[in-house]
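**Q**
In full-length UniProt numbering, the protein residues as written are 1 to 309.
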């Protein structure tokens, strides 16, 4: 009996040792694979060639990834509890405070859409491999309605609910996040970004609340402006893009070169901002109005926010 017990303990110990060795080996292999990858960047440091990146949107062996968390908070707009999704860094601690990125989905999306694009994995890999600062990411549901069927009300009808996103974030979601998570506040610690309609709302919310947001990312954006070159019939959220006093810490426009949905908008916004002296980074990448463009955009945006050198 004693020999059998000793044998079992030996097997368990050997298994534990093998798991530890495998874990460390996985981390070493992932690092080696990452740093040997042939990356292509443009002159402004934006990653252009993101095809088959081993670290890009895939979990790496030997590394821990937190499961995204669904939160419920009260909205005084709908008079109901609403959902948002929160990505916490793998090393989240109650003894540390973190900057916050509000990440907005496009038309047809919901609070879980960016999770489905593996945004949480992209950002965690940036933290692991690129020394990007740990951050909290909050993904709201931008169809601000109490009725689920309003998502299918038709494009222009649904936009009415999208246009409540600013008030929803500022008045309801931000206070909840700041109360329930360890967050750093102030524009230097708060970013907003999104794709398509989410890019439109990010530009509008960021420019209208420059005291709160220091970083804006607009990926394949619909325009918030009334100019017919931009709008495509979508209602305007701003009369113009105008700086209150100082420039943004980082403002980025990106688009797929073959985007036939609203691709022209981003080029026009780039020209508009350049003419008005609004500092920003603009780049285009191979692709259409699609996820691989937005994943690439998120990667580049997060590499450049929260006072990175």
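C-beta atoms are modelled at their ideal positions from N, C-alpha and C, and glycine is treated no differently. Quantities reported herein were computed from a predicted structural model and do not represent experimental measurements.
Please state the DSSP three-state secondary structure of residue 139.
**A** Three-state DSSP puts residue 139 in a strand.
**Q** By how many angstroms is the C-alpha of residue 41 removed from the C-alpha of residue 32?
**A** Confidence in residue 32 is poor, its pLDDT being 43 and thus under 50, which makes the residue's placement too unreliable to answer from.
**Q** DSSP beta-bridge partners for residue 86?
**A** 69 and 138.
**Q** Can you confirm whether residue 97, when its beta carbon is compared against all beta carbons of chain D, has any partner nearer than 8 Å?
**A** In the displayed structure, chain D is absent; only one protein chain is listed.
**Q** Given a cut-off of 8 Å, decide if residue 135 and residue 162 are closer than it, judged by their beta-carbon atoms.
**A** Going by C-beta atoms, residue 162 is not nearer than 8 Å to residue 135.
**Q** What whole-angstrom Cβ distance do residue 306 and residue 189 have, given they're in contact under 8 Å?
**A** 7 Å between Cβ atoms; contact.
**Q** With a CB to CB cut of under 7 Å and the five nearest residues on each side skipped, what residues in its chain are close to residue 167?
**A** Answer for residue 167: 77, listed in chain order.
**Q** Buried or exposed for residue 245, please, with buried defined as at least 16 other CB atoms from any protein chain shown within 10 angstroms of its CB.
**A** Label assigned to residue 245: exposed.
**Q** Identify the continuous alpha helix (DSSP H) that holds residue 273 and give its terminal residues.
**A** Per DSSP, residue 273 belongs to the alpha helix (DSSP H) from 263-275.
**Q** Check whether the segment 174-193 and the segment 153-162 are in contact - that is, three or more C-beta pairs closer than 8 Å.
**A** Segments in contact, no.
**Q** Report the start-end ranges of each alpha helix (DSSP H) in the segment 137-198 that is 4 residues or longer and not cut off at the edges.
**A** Fully enclosed alpha helix (DSSP H) runs of 4 or longer: 155-162 and 174-180.
**Q** Cα separation between residue 254 and residue 104?
**A** For residue 254 and residue 104, the distance between alpha carbons rounds to 15 Å.
**Q** Assuming residue 140 contacts residue 165 (C-beta within less than 8 Å), just tell me the rounded distance between them.
**A** 7 Å between Cβ atoms; contact.
**Q** Helix or strand or just coil, what does DSSP make of residue 45?
**A** DSSP places residue 45 in coil when its eight states are reduced to three.
**Q** For the beta strand (DSSP E) holding residue 251, just list the boundary residues, first then last.
**A** Note, residue 251: beta strand (DSSP E), 250-256.
**Q** Alpha carbon to alpha carbon, how far is residue 272 from residue 266?
**A** Roughly 10 Å separates the two Cα atoms.
**Q** Is it the case that the CB of residue 114 approaches a heavy atom of the ligand SAM more closely than 7 Å?
**A** The ligand SAM is absent from the structure shown, which contains no ligand whatsoever.
**Q** On the DSSP bridge assignment, give the partners of residue 74 in chain order.
**A** BP columns for residue 74 point to 81.
**Q** Since I believe residue 132 is in contact with residue 302 (beta carbons under 8 Å), could you give me their beta-carbon distance rounded to a whole number of angstroms?
**A** About 6 Å; that satisfies the 8 Å criterion.
**Q** Tell me the DSSP secondary structure of residue 293 in three-state form.
**A** Helix.
**Q** Does DSSP put residue 56 in a helix, a strand or coil?
**A** Correct three-state label for residue 56: coil.
**Q** Taking just the CA atoms, how far does residue 262 sit from residue 269?
**A** Cα to Cα, residue 269 sits roughly 11 Å from residue 262.
**Q** For residue 200, which of 234, 215 and 169 has the nearest alpha-carbon?
**A** The shortest C-alpha separation from residue 200 is found at 234.
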